[in-house]
Amino acid sequence: MVMAQSLFTSLKKSYPDCLIDVLAPAWSLPLLDRMPEVSKAIIMPLKHGQFGLMARVKLGQQLRTEGYDQAIILPNSWKSALITFFANIPLRTGYLGEYRWGLLNDSRRLDKNALTMTVQRFVALGLPKKATQPPDYQQPRLPANKA
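What follows is the structure, encoded as structure tokens:
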């Protein structure tokens, strides 16, 4: 979760007025609370590895009311792309993996030779497809007190 802050910082630099909401496990909420780039943290109600199709459909329907423009899906699992699909988010960005065709409509091929670090892979998802790789990024920085 800490490495994702570099993505959030990059997004805020490119799109200063964007609102960044993060769907994440409950354990990570104290970290997200320290990231000034994050507008809202949403608790992921499912545990790691849990399929819970109907719970994913329901959460997707709830998120649909938020009117999100884009979702950047960091995990490479098929399950992780389902919620944003059910939320009908117009732009769903992520790396291909686990047969996510159709769930992602802005799919990227991961070049592990160009993007050797996880933080680079996260930041690259926030850039246009043809952007120079590896991307420049700011190191994660969590303030001692919430901004």
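Adding 22 to a residue's 1-based position in the sequence shown gives its number in the numbering used here.
Virtual Cβ for every residue (Gly too), placed ideally from N, Cα, C.
Quiz item: Are the beta-carbon atoms belonging to Leu126 and Ile105 less than 9 Å from one another?
Solution: Using a Cβ distance threshold of 9 Å, Leu126 and Ile105 do not count as a contacting pair.
Report the rounded CA-to-CA distance for Lys34 versus Gln83, giving the unit in angstroms.
Lys34 and Gln83: Cα-Cα distance of roughly 26 Å.
Practice task
Find out if the Cβ-Cβ distance for the pair Asp128, Leu149 is shorter than 9 Å.
Solution key: In terms of Cβ geometry, Asp128 and Leu149 do not form a close pair [threshold 9 Å].
- Task: Identify the continuous beta strand (DSSP E) that holds Leu45 and give its terminal residues.
- Result: Per DSSP, the unbroken beta strand (DSSP E) holding Leu45 starts and ends at Ile42 to Ala46.
(message) Quick check: Leu54 and Met23, are their CB atoms within less than 9 Å of each other?
(response) Contact flag set, yes.
**Message:** What would DSSP say about Arg130, mapped onto helix, strand or coil?
**Reply:** Under the three-state reduction of DSSP output, Arg130 falls in the strand class.
#### Entry: 7 Å CB neighbourhood of Val145 in its chain, flanking five on each side removed
Around Val145: Ser28, Leu29, Ser32, Pro157 and Tyr159.
For Ala93, count neighbouring Cβ atoms within 10 angstroms of its own Cβ and tell me buried if that reaches 16, exposed if not. Answer is buried; the Cβ neighbour count reaches 16.
Check: With 16 other CB atoms within 10 Å as the buried threshold, where does Thr115 fall?
Finding: In the assembly as shown, Thr115 is a buried residue. Its beta-carbon has 16 or more other beta-carbons within 10 Å.
*asked:* Let me make sure I understand the geometry here. Which of Ala63, Gly74, Ser36 and Arg78 has the alpha-carbon closest to that of Asn110?
replied: Ranking Ala63, Gly74, Ser36 and Arg78 by Cα distance to Asn110 puts Arg78 first.
Q.
For Leu45 and Met66, which I take to be in contact (beta-carbon distance under 8 Å), what is that distance rounded to the nearest angstrom?
A. The C-beta separation of Leu45 from Met66 comes to about 5 Å, placing the pair in contact by the 8 Å criterion.
* Output yes or no for whether 9 Å exceeds the beta carbon distance between Arg165 and Pro38. => Per the sequence shown, residue 165 should be read as Pro rather than Arg. Contact: no.
**Cβ distance (whole Å) where Asn98 is taken to contact Gly71 below 8 Å** = The Cβ separation is near 14 Å, so there is no contact.
Review point. In whole angstroms, what is the alpha-carbon distance linking Ile64 and Asn135?
Key: Taking the straight line joining both Cα atoms gives about 33 Å.
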